[in-house]
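*Asks:* Counting from 1, one number per residue, gives the positions in the sequence shown under full-length UniProt numbering.
Think of the CB as a built atom: it goes at the ideal place given N, C-alpha and C, for glycine as much as any other residue.
Provided herewith is a single structure, encoded as structure tokens, for subsequent inquiry.
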Amino acid sequence: MRTQQCSSCESGGAHSGENCSSSGSSGLSPGSDSDSSGVVCGGGSGMRGVLSRYWSLESLHSASVIADGSLEKTSDDVGSEEDLYEDFRSSSHRYGHPGGGGEQLAINELISDGGVVYAEALWDHVTMDDQELGFKAGDVIEVMDATNKEWWWGRIMDSEGWFPASFVRLRVNQDEPMEDYPLKLEDGREDDPRNAAHRYGVGQTTKDQMRTNVINEILSTERDYIKHLKDICEGYIKQCRKRADMFTEEQLKTIFGNIEDIYKCQKKFVKALEKKFNKDYPHLSEVGCCFLEYQNEFQIYSEYCNNHPNACMELSRLTKVSKYVYFFEACRLLQKMIDISLDGFLLTPVQKICKYPLQLAELLKYTNPQHRDFKDVEAALNAMKNVARLINERKRRLENIDKIAQWQSSIEDWEGEDVLVKSSELIYSGELTKISQPQAKSHQRMFFLFDHQLVCCKKDLLRRDILYYKSRIGMDNMEILDVEDGKDKDFNVTIKNAFKLHCRDTEEVHLFCAKKPEQKQRWLKAFENERKQVQLDQETGFSITEVQKKQAMLNASKLNQSGKPKVVTRTYYDFLMRQKHPTLPTNLPQQQVFMLAEPKRKPSNFWQNISRLAPFRK
């Protein structure tokens with residue numbers, strides 16, 4: 001019996017009922033402007049669905065879009081999974097995502113049947129290997145063999161070779177001509193569909209049809225997504241709340257996060273989309289303004305994405321007990337949802353927020369600059385990329401608190417409150433000479449600048465990889481003063497490469513000297529960045545809960561108890577590569593955020609060894 005891989009409304013989630021339905025969509029690369037992972041649905045064998053792929057085909061139930069923009073068939077019209085799969089194999093369907101399993105089979109079936117499959121490059125692929133195919137982002141590649149899930153064989157012009165599947169995505173419209181024909185619009189007549197038909201003949205122009213396809217896809221996937229969220233809220237959460245003997249409110253909050261808030265937001269969003277949808281001429285629909293209107297509301301996904309790993313861990317713990325396994329299965333059956341485990345359903349919101357930039361990029365591609373929706377779609381694409389960047393940044397910051405907790409646990413003789421009480425980001429670190437009053441004594445110390453505070457440590461005389469806590473300085477009321485070389489009047493010493501920290505409240509002054517002028521400038525820039533970070537956190541409302549802080553410190557203490565040496569081996573060198581190499585990018589927002597939608601992979605021993613040497617590696 002064939003095992004099929006299908007995805008939910010948002011390539012990885014699920015729908016209720018016997019069949020899984022969603023609109024076809026372009027393929028998405030892990031670590032790219034895309035949503036990434038799917039869930040495997042058991043075919044005739046009825047295997048339990050699990051998270052297992054980087055890629056996901058939108059669904060074999062996806063409705064085909066015909067020339068007039070209507071739907072050829074709906075999920076209610078289709079037969080069994082086996083029949084649908086055979087229909088898919090024999091059809092000219094061209095929608096899908098690259099990847100393994102069913103997707104690869106479908107792609108190779110199309111190729112073997114004489115069909116042509118095109119993929120679009122997401123990233124540059126630069127190679128010196130004559131067996132590999134080099135290309136630039138935006139190039140269109142003819143896929144000739146997709147047997148291997150990681151490396152495909154393709155052709156561009158007269159060049160053929162292997163290329164990484166993760167660098168491309170399948171085109172939404174496989175039948176689109178390779179060359180775009182310029183559209184000569186007449187002044188004052190471009191918005192009239194009757195004039196378009198007169199100029200270009202019967203039917204829509206090719207580009208208008210492509211825009212129709214993308215608009216239909218956006219609406220279809222939104223409706224499916226709403227159904228999916230409703231199934232989770234009514235099929236699982238509602239039933240769990242009835243069993244107070246099995247679930248506490250805290251457990252439900254951990255497992256489901258703020259998915260109910262997301263459900264409420266998405267219901268309003270899909271209504272806004274439907275109001276802007278032009279049923280007679282879908283390509284004239286103006287949906288860009290809807291994304292702009294809801295861009296701030298979409299930031300609620302940040303909380304959900306940050307909580308998702310905790311949800312998976314809690315589910316893993318509960319499902320080790322058979323009564324929870326039976327309970328979750330009963331919830332699924334009562335709601336008539338497809339055969340996918342709960343963690344698969346809960347992945348869908350993560351994938352959804354990842355998919356918006358891709359859909360808008362596709363919509364912009366097929367929107368003429370003269371179209372009234374062009375500017376809004378362009379602005380919406382930038383807005384949703386920014387939302388994705390903020391979500392990614394918040395996730396990175398949340399992961400940082402574990403590193404900060406591990407770093408603090410490695411410091412000897414720590415005193416006072418934990419760093420995490422006030423801080424969540426390391427801005428800069430390095431060695432400075434601190435001059436203290438009243439005797440103007442100088443001490444060489446290691447300083448770590450976090451948001452809101454500067455921590456001072458002393459190196460061990462024999463073991464230079466061990467640090468001892470000495471003091472800290474609060475930064476919220478500090479003024480940074482650049483000091484000229486020469487004799488300082490306050491401290492009565494001759495200084496070079498110096499700066500001061502002046503407390504506005506107490507008039508307390510701290511004097512520091514760097515070894516080189518460039519080191520001093522780095523510190524001055526770091527203090528400036530610290531204030532910017534604090535201001536940005538206030539504007540975006542970023543905060544870390546007390547529970548998250550306590551959990552991070554608990555995890556750090558467990559690591560120390562597990563027998564790992566309590567040392568800071570080159571901490572200040574290994575995790576601050578960005579300081580020594582200013583041109584090194586701090587992150588890749590468009591890539592990293594989409595890693596959220598990937599299934600968890602077994603960690604490499606290599607990185608475990610590295611993290612053991614540098615527990616606070618950034």
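Just tell me which of 432, 126 and 360 has its CA closest to the CA of residue 459.
*Replies:* For the residues 432, 126 and 360, the minimum Cα distance to residue 459 belongs to 432.
*Asks:* Using only the alpha-carbon positions, how far apart do residue 288 and residue 389 sit?
*Replies:* Their Cα atoms are separated by approximately 19 Å.
*Asks:* Do you know whose CA, among 209, 521, 242 and 513, lies nearest residue 487's CA?
*Replies:* Among 209, 521, 242 and 513, the Cα nearest to that of residue 487 belongs to 513.
*Asks:* Between the alpha carbons of residue 529 and residue 366, how many angstroms are there, rounded?
*Replies:* Whole-angstrom Cα-Cα distance: 40 Å.
*Asks:* Only counting runs of 3 or more residues, tell me where the beta strand (DSSP E) segments fall wholly within the region 250-309, in order along the chain.
*Replies:* Runs of the beta strand (DSSP E) inside the region 250-309: none found.
*Asks:* Within this structure, are the beta carbons of residue 208 and residue 283 separated by less than 8 Å?
*Replies:* Going by C-beta atoms, residue 208 is nearer than 8 Å to residue 283.
*Asks:* Do residue 621 and residue 235 have their C-beta atoms within less than 8 Å of each other?
*Replies:* Examination of residue 621 is not possible in this model, given that the chain is present from 1 through 618 alone.
*Asks:* Can you tell which of 224, 453 and 266 has its C-alpha closest to the C-alpha of residue 337?
*Replies:* Out of 224, 453 and 266, 224 has the C-alpha closest to the C-alpha of residue 337.
*Asks:* Among 339, 254, 463 and 444, whose alpha-carbon lies nearest the alpha-carbon of residue 456?
*Replies:* When each option's Cα is compared against that of residue 456, the closest is 444.
*Asks:* Should the region 468-477 be called in touch with the region 401-413, which here means at least 3 C-beta pairs below 8 Å?
*Replies:* Verdict: yes, contact present.
*Asks:* Would you tell me roughly how many angstroms separate the C-alpha atoms of residue 291 and residue 130, rounded to the nearest one?
*Replies:* If you take the alpha carbons of residue 291 and residue 130, they lie about 44 Å apart.
*Asks:* Give every residue of the same chain whose Cβ lies closer than 7 Å to the Cβ of residue 540, excluding the five residues on either side of it in the sequence, and list them in chain order.
*Replies:* Closer than 7 Å at Cβ, skipping near neighbours: 390.
*Asks:* May I ask you to report which of helix, strand or coil DSSP gives residue 510?
*Replies:* Strand.
*Asks:* Spatial neighbours of residue 607 within its chain, please: C-beta separation below 6 Å, excluding the five flanking residues on both sides.
*Replies:* Since pLDDT at residue 607 reaches only 41, below the 50 mark, its modelled position is unreliable, and no value is offered.
*Asks:* Looking only at its chain, what residues have a beta carbon closer than 7 Å to the beta carbon of residue 641, apart from the 5 residues adjacent to it on each side?
*Replies:* As displayed, the chain neither begins before 1 nor continues past 618, which places residue 641 out of reach and without an answer.
*Asks:* Are the CB atoms of residue 298 and residue 387 within a distance shorter than 8 Å?
*Replies:* In this structure, residue 298 lies closer than 8 Å to residue 387 by Cβ.
*Asks:* Could you tell me which whole alpha helix (DSSP H) segments of length 4 or greater appear in the region 328-363?
*Replies:* As far as the region 328-363 is concerned, its whole alpha helix (DSSP H) runs of at least 4 residues are 342-346.
*Asks:* Can you check the region 205-245 for any beta strand (DSSP E) of at least 3 residues that lies completely inside it and give the ranges in chain order?
*Replies:* None, since the region 205-245 contains no complete beta strand (DSSP E) of that length.
*Asks:* What's the call for residue 535, buried or exposed, on a 16-neighbour Cβ count within 10 Å?
*Replies:* Classification of residue 535: exposed, given that the 10 Å Cβ count is below 16.
*Asks:* Considering only their Cβ atoms, is the gap separating residue 141 from residue 121 smaller than 8 Å?
*Replies:* Against a cut-off of 8 Å, the Cβ pair of residue 141 and residue 121 comes out as a contact.
*Asks:* When you compare only the Cα positions, how much space is there between residue 506 and residue 233?
*Replies:* So the two alpha carbons sit approximately 54 Å from each other.
*Asks:* Going by beta carbon distance, what residues of the same chain come within less than 8 Å of residue 379, once the five residues before and after it are set aside?
*Replies:* Closer than 8 Å at the Cβ level, and outside the excluded window around residue 379, lie 288 and 292.
*Asks:* Give me, in chain order, the residues of the same chain whose beta-carbon lies closer than 6 Å to that of residue 215; leave out the 5 immediate sequence neighbours on both sides.
*Replies:* 282 and 285.
*Asks:* In the DSSP assignment, the alpha helix (DSSP H) including residue 519 goes from what residue to what residue?
*Replies:* Where residue 519 is concerned, the enclosing alpha helix (DSSP H) stretches over 517-540.
*Asks:* Whose C-alpha, out of 500, 405, 490 and 489, is nearest the C-alpha of residue 556?
*Replies:* Nearest of 500, 405, 490 and 489 to residue 556, Cα basis: 405.
*Asks:* Grab me the residues of residue 464's own chain with a C-beta within less than 6 Å of its C-beta, minus the 5 sequence neighbours each way, in chain order.
*Replies:* So the list is empty, once near-sequence residues are dropped.
*Asks:* Sort out for me which residues DSSP pairs residue 151 with in a bridge.
*Replies:* DSSP lists 164 as partners of residue 151.
*Asks:* Can you tell me which residues form a DSSP beta bridge with residue 469?
*Replies:* Partner(s): 457.
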